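Just below is one structure, and these are the notes that go with it.
Number of protein chains: 6
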Amino acid sequence: MTTPPVPPLYHLFYVPLIRHALEEDLGRAGDLTTDAVVPADALAHARLVARGPGRIAGLEVALAAFRLLDTHLHIQVEHGDGADVAAGTTLAVIDGAARPILTAERTALNILGRLSGIATATAAIVGTLSDLKTEIVCTRKTTPGLRALEKYAVRIGGGSNHRFGLDDAVLIKDNHLVVAGGLRPAVERARARIGHMVKIEVEVDTLEQLAEALTLPVDAVLLDNMSPETLRKAVAMVGGRLLTEASGGITPETVRAVAEAGVDMISLGWLTHTVKNFDVALDFQSA
Amino acid sequence: MTTPPVPPLYHLFYVPLIRHALEEDLGRAGDLTTDAVVPADALAHARLVARGPGRIAGLEVALAAFRLLDTHLHIQVEHGDGADVAAGTTLAVIDGAARPILTAERTALNILGRLSGIATATAAIVGTLSDLKTEIVCTRKTTPGLRALEKYAVRIGGGSNHRFGLDDAVLIKDNHLVVAGGLRPAVERARARIGHMVKIEVEVDTLEQLAEALTLPVDAVLLDNMSPETLRKAVAMVGGRLLTEASGGITPETVRAVAEAGVDMISLGWLTHTVKNFDVALDFQSA
Amino acid sequence: MTTPPVPPLYHLFYVPLIRHALEEDLGRAGDLTTDAVVPADALAHARLVARGPGRIAGLEVALAAFRLLDTHLHIQVEHGDGADVAAGTTLAVIDGAARPILTAERTALNILGRLSGIATATAAIVGTLSDLKTEIVCTRKTTPGLRALEKYAVRIGGGSNHRFGLDDAVLIKDNHLVVAGGLRPAVERARARIGHMVKIEVEVDTLEQLAEALTLPVDAVLLDNMSPETLRKAVAMVGGRLLTEASGGITPETVRAVAEAGVDMISLGWLTHTVKNFDVALDFQSA
Amino acid sequence: MTTPPVPPLYHLFYVPLIRHALEEDLGRAGDLTTDAVVPADALAHARLVARGPGRIAGLEVALAAFRLLDTHLHIQVEHGDGADVAAGTTLAVIDGAARPILTAERTALNILGRLSGIATATAAIVGTLSDLKTEIVCTRKTTPGLRALEKYAVRIGGGSNHRFGLDDAVLIKDNHLVVAGGLRPAVERARARIGHMVKIEVEVDTLEQLAEALTLPVDAVLLDNMSPETLRKAVAMVGGRLLTEASGGITPETVRAVAEAGVDMISLGWLTHTVKNFDVALDFQSA
Amino acid sequence: MTTPPVPPLYHLFYVPLIRHALEEDLGRAGDLTTDAVVPADALAHARLVARGPGRIAGLEVALAAFRLLDTHLHIQVEHGDGADVAAGTTLAVIDGAARPILTAERTALNILGRLSGIATATAAIVGTLSDLKTEIVCTRKTTPGLRALEKYAVRIGGGSNHRFGLDDAVLIKDNHLVVAGGLRPAVERARARIGHMVKIEVEVDTLEQLAEALTLPVDAVLLDNMSPETLRKAVAMVGGRLLTEASGGITPETVRAVAEAGVDMISLGWLTHTVKNFDVALDFQSA
Amino acid sequence: MTTPPVPPLYHLFYVPLIRHALEEDLGRAGDLTTDAVVPADALAHARLVARGPGRIAGLEVALAAFRLLDTHLHIQVEHGDGADVAAGTTLAVIDGAARPILTAERTALNILGRLSGIATATAAIVGTLSDLKTEIVCTRKTTPGLRALEKYAVRIGGGSNHRFGLDDAVLIKDNHLVVAGGLRPAVERARARIGHMVKIEVEVDTLEQLAEALTLPVDAVLLDNMSPETLRKAVAMVGGRLLTEASGGITPETVRAVAEAGVDMISLGWLTHTVKNFDVALDFQSA
């Protein structure tokens, strides 16, 4: 079984990111311990093993840490991105020189643990809504430098992505309205200045604001901090003319009620800003 | 009150990091919403406000996001790094052009939420050991690209730092021993190859291994996954000749018992790998 | 009159780009001629002067070349981005040390000539459609490294922007259909995988294809290489339900007829891929 | 037929440039359309085809866009740099995974269209002087970031290169004279400060200035904005002792008369600042 | 015989450094001479030959210059890092295209000459102390950008490394004491703020200072500018409780006497700040 | 007295180089010692003092290390680049916060010591030829990353610069002739391919080769490893028609005899490849 193909962005974006992470860990002098303690010709057989159950994300990205240090390692993926695994499952097997395997271990585990943690949490919440049409989406509350990867992990978890940044959609929030003089002038200014291929969403806090939004050329409304009951009314008012998004303080406990209100999307900042690390380890044997 | 001085690394390291985070958020086309909706000459008065209680870390780093977009903003720090604040506390006040404040908001909050989250969790655990000499230390289980900042947040939380990377101390772990042929040859190889100014620590899993380690020229022992009872015996065996570090599966519930066993350090991976975001918001008014 | 404010992206993106352009011109040894021939304390009074009529774009970006070499130059903008100027108009006046003015001259003129050339050509074509609702949009046929600036110049010229890149909207073209098995499966795959905030456009070459597209959940249709007559029929078929874009071989001579067919957008690759440089010069006097 | 060898600078300079162009097009999220619409295992057979007649330049550089995304593509060059092709000529054939071919298409065409446009225009003008010794040279009026490539395209077109930047030759222009106190002091300052291996050229606007230049230790004279008649007198005055260069407002219509005046070089800014894109397309079939 | 394995940092750190050195030498236009004079298909057989006796260091790093320009060169290492060679010894044989060999020559020789110069000087001084336990260590007086490589060359020469930078150990020098209020408060501040795994060294200029240092929790003392006689007393006072380092004005003539005083380390700034280049040449034949 | 103006390249090139050097020294965690031991509000008065006699070069570049860490330091230059100073001379006085002064010290001294060492050695050799027209020139045997600075130091020392890299002049050496089929075809190929503004030099080892070179269109001859007597004959043969350069094994002892042979240039690799560090120190007082 050969290493599966990696996506186009792999070499362009993710490999540089992992290279930077390795440089951060190796500093100026490299892996003092391994270089001193492990003979250059020592061989090893290592397994990346899940320590708990979860959804895997970022395995190929993590494996780049090993590949960057030694292009001759033999790496076989057993359960890659998107797999739901039980504790004890072997994700990949690595054979070759012992030194690069040991040196790359922590860098690989750090990225794999974080991304699989996001995918696992996303999959859990998405699973509770499997009979509904509502999608779970992530926000821009991501780790500096890791946004594209964290949004990828959300997709692997079955979630969907909201904006990747400030430049790919318009979202007019309450703070914008403070200085824009109200919803209508804000939307009109946006419509006049923004390209045809960009969607416009506005945040509304009340049903009155929603009523006004429905008279404006917007594509979506963010219904902020509304109760399920209010959301239900809002969805009825919208009547399918716009996309509806619920946001604000939604937890695993309340998400089902929010979804049942009929919104198209529920956005959850905690999917990416409060990540429980997925526990993965490197089981290592002399070979 | 003027902006307080920032550390030497601020301009060298942290500003580039924040610049990169802004670039990640702004993409090719910048903040479509703000540029379209907010007049160029609109002024604002904004406050960074804590939404919960905690220990602040990274405020100056976060403020760099605003400063990078507009050097003319007036920024006044009210409660900076190290402050313990209640919910509702204003951390900083920002006055000036509305556009850069809105554009930088999310980037600033992302870094401030993460670092203050680490400091808050660290302060909580350190607080439970205030009558003991044991120090809480973090590990290399950090976010790619953010290690130095996350370790700084741990220090702000009252914790201490273990290795910054693979190159500033030797830590001989179980996987190294697998290919090094045992504790003694591993330590001897390390001692022969490593500079005088570098400390050597070895991981031991049993008291037998500890007994062997005590015959070797090491500076510290990592006592891995030992019960408080075993740790107490280990500390007694060491008798102050070496530094002792407890590690492995230690939780807020068990940390006090581990510390009472008398170890010098307790290392906790979750301080940095499983961070609860600290909730901060930007309260924004037209000015 | 002071230097006007510059946009947020100025320091983040455009200054590095100009820095890179200066480095490209200065090489390893710098401006041999100026450093040898011009005394360090020589002062100059210089004017950036339009040599022909046109729409100015990129003046602040071009001025960064001077500012990067000498922060003490006094620069006064007379006619900035968006101004329509006659030949002989002074755009900016620069006073200060002679050396940096001479060294930055070519770098500044290269960027200003290119961006103003794009704005001028765009303004000319947009002017011919001023009584119609059709917008002129640019494409991804831009110069490597200059896309955001060239799209900015199109906006300054009164045009609008289509996609900034492959990641901010979906455009299913004929080549995609070759491997996707037809329009319907292509659109369905896209709809299933793409976030809610991203628009989907499909290219159609015939009215039959258009009829099929109208049954699918798309936001826009690109009507490729159609005659004005066919476009008129297409616009009638769409009936305002989708955005319509005409594309393919449209010239200044044919653009009016295409617009009169009633499409929402006309995309023109030549706005950015075949630029007539706008002639600007630096008039230089000893001071 | 195998891919021909690429020049030494290919990997050092041109590949990073193309990588940057891909990053500019791919943004944070990559090619949304292709990744959604085209199956990962779809194969394609694609041909880069000239849509008009011209001189090819930059084919290998353009092909780097494909190679960077997929090292397994099979690429066969049919007509590479320097070839004069008719409309419809296949330049290269690409076989392999459909996704990377589609994703790299625009980036590759943008660079190939620009460089072949320069080569084609240069070849046309050079062709009109084939019986004369005068060389066509380009200037520093190039696109920021692309100077070396654009100068390469000029060479492929049969032209020659003037200075690559401010650091590889001295060119004393009118603006320098304004602050240097005249031709003689300027040249003397230059000669005293510049290394032996660097040539010195001075710009002269009149035959009187030329007479003075002929008394000074310079290697070349730039005869600015002179009529063919005046140029003829200038060439006679120089008598082969210096290189002569004609510059300023020379068009395809006037270039032959200028060349017949006997100058060694004619420099044309428009070769690189006003480029007509060469039309190339990717013909794409499922395979 | 195949090319020996290269260290983990090779691809991460040293290849980028050599790439940068090549870029510095190639400028914008590349190797004008070779590209013009040498046919693209010319083959060569070249040998890197030592012109004097010495200890080789940096051979693999130097060879990266060739490999970066042409991955098809066949390179065979005869005497690699650590070898003691006589004048005339062939270090490596390179076969393949003539152009990349000629273009990379100077870049490769510059780095190999410098690093082997450091190794040779280190080996000479270390050789004079072979019967003593004292180690020769280098300092932070290194060339900007080359610190890790120069410290590597010292190790290849048989020396040891002191701090790699300001961040991997504490060294309290006289200038620190000026503002810290004396040795005791300085050490106490350091001990309170620095992680457990970091060693602390203090500089002392007199035996009185040494006596105070011996009462403080430090790991090492730097005995600055002391005579061998004073050093002997200092070593006796320390009695093995701390590491001892002699520093300050020690030359090849005095180093033996200093070592015989019994110190653990002698630090020599001139190992890296005043390097005699090791003479290596490329013997080149047509093939 | 204010800080004197710095050259245009200062901010573009030298500041990034010093920033990189600081990063190399500061690592991930910064200056552990200073940050721990020196209070944040401690002030200092420091002087950069020459410890020996010599010619200063690189002072402004070195001072960038201090400025990068603290823009509020007050720095007064007493003896800048080009000054000949005696031991004990104060070069610059720095007042302000103690921490940044201590942290930048070593980085500043490393660059100042190296560049002043080059200038001092160059000035010494140039001084011995003050009554002759021969110029001392440096080579491409420079430190990776520092070429432009080292060539600048040579100029400050009164020397002149040969090529800055492989791209700014043609130098046909013996190895090129091996594969080019002799001097004439090599020169003819070069002349045909190289721009008019680039000089061509050929290396000759014998007077016979020189005779051939004199029949070819070259600008300079490198007379390699010839005795003063042979050089004298060579200079006579050339008769001022070409530039003459002596090279190969020339030492301070032999340089006068070589110069008296009448060559235009003498190139010395050791000016930059074997540098004796100039001793500078930071005298530091509490303020």
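Chains as they are written, first to last, in this note's numbering: chain H, 1 to 287; chain E, 288 to 574; chain X, 575 to 861; chain Y, 862 to 1148; chain F, 1149 to 1435; chain U, 1436 to 1722. The beta carbon of each residue, even a glycine, is placed where N, CA and C say it ideally should be. Since this is a predicted model, take the numbers as computed values, not measurements.
Inset, instruction - Determine which residues share a DSSP beta bridge with Gly915(Y) and list them. - result: Val946(Y)
Inset, instruction - Kindly indicate if chain E contains any beta-carbon less than 9 Å away from that of Pro144(H). - result: yes
Inset, instruction - Using a cut-off of 7 Å between C-beta atoms, extract the partners of His1597(U) located in chain Y. - result: Gly1056, Met1058
Inset, instruction - Entirely within the region 1579-1639 of chain U and at least 3 residues each: give me those beta strand (DSSP E) ranges in chain order. - result: 1605-1607, 1635-1639
Legend entry - Within chain F, the residues that Arg19(H) reaches when beta carbons sit closer than 8 Å: Leu1160
Legend entry - Arg1167(F) - DSSP class collapsed to helix/strand/coil: helix
Legend entry - Leu1143(Y) vs Asp1125(Y) beta-carbon contact at 9 Å: no
Inset, instruction - Would you mind reading off the limits of the alpha helix (DSSP H) that contains Ser1662(U)? - result: Ser1662(U) -> no alpha helix (DSSP H), and no H or E assigned at all.
Inset, instruction - Rounded to whole angstroms, what's the CA-CA distance from Leu1461(U) to Pro431(E)? Just pull it up for me. - result: 19 Å
Legend entry - N- and C-terminal bounds of the alpha helix (DSSP H) containing Asp322(E): 319-324
Legend entry - Anticipated Cβ contact below 8 Å, Asp167(H) with Ala316(E), distance rounded: 4 Å
Inset, instruction - Drop a sphere of 10 angstroms on the beta-carbon of Asn512(E), count the other beta-carbons inside from all chains shown, and report buried for 16 or more, exposed for fewer. - result: exposed
Inset, instruction - Give the DSSP-derived three-state secondary structure of Ala507(E) in the structure shown. - result: strand
Legend entry - Residue-chain proximity (Ala148(H), chain Y), Cβ-Cβ < 9 Å: yes
Inset, instruction - Say whether chain F places a C-beta atom closer than 9 Å to the C-beta of Gly1465(U). - result: yes
Legend entry - Per-residue contacts from Leu1725(U) into chain E (C-beta, under 8 Å): Missing from the structure shown is residue 1725(U); chain U here goes from 1436 to 1722 and no further.
Inset, instruction - Measure the CB-CB distance between Arg960(Y) and Ala907(Y) and report whether it falls below 9 Å. - result: no
Inset, instruction - Identify whether His1446(U) lies in helix, strand or coil by the three-state DSSP scheme. - result: helix
Inset, instruction - Output the distance between the C-alpha atoms of Ala374(E) and Gly444(E), rounded to the nearest integer angstrom. - result: 18 Å
Legend entry - Assigned secondary structure, Leu617(X) (DSSP; H/G/I helix, E/B strand, else coil): strand
Inset, instruction - Flag Val711(X) as yes if its beta-carbon sits less than 9 Å from any beta-carbon of chain H, otherwise no. - result: yes
Legend entry - Assigned exposure category for His72(H) - 16 Cβ within 10 Å defines buried: exposed
Legend entry - Euclidean distance between Cα positions of Ile1414(F) and Ala1394(F): 5 Å
Legend entry - Test: Asp1316(F) CB closer than 9 Å to a CB of chain H: yes
Inset, instruction - Could you confirm whether any beta carbon from chain E is found closer than 9 Å to the beta carbon of Lys725(X)? - result: yes
Legend entry - Counted within 10 angstroms of its Cβ, other Cβ atoms place Leu1567(U) as buried (16 or more) or exposed: exposed
Legend entry - chain F residues whose Cβ lies nearer than 8 Å to that of His1611(U): Thr1181, Thr1182, Val1185, Val1186, Leu1250
Legend entry - C-beta neighbour in chain U for Ile1398(F), strict 9 Å: no
Inset, instruction - Below 8 Å between beta carbons is the criterion; list the residues of the region 549-570 of chain E that meet it against any residue of chain F, in chain order. - result: Asp551, Met552
Legend entry - Beta-carbon proximity check, Gly687(X) vs Phe852(X), cutoff 9 Å: yes
Legend entry - Anticipated Cβ contact below 8 Å, Val248(E) with Pro504(E), distance rounded: Within the shown structure, residues of chain E are numbered from 288 to 574, placing residue 248(E) beyond reach of any answer.
Legend entry - Contact list for Leu26(H) against chain F, beta-carbon separation under 9 Å: Pro1156, Leu1157, Leu1160, Phe1161
Legend entry - Selection from Gly739(X), Ala610(X), Ile746(X) that minimises the alpha carbon distance to Arg1052(Y): Ala610(X)
Inset, instruction - Starting from Leu1216(F), find everything on chain Y with Cβ-Cβ shorter than 8 Å and list it in chain order. - result: His872, Leu873
Legend entry - Expected contact under 8 Å - CB spacing of Ala42(H) and Thr107(H) to nearest Å: Not quite, the Cβ-Cβ distance comes to about 20 Å (not below 8 Å), so this is no contact.
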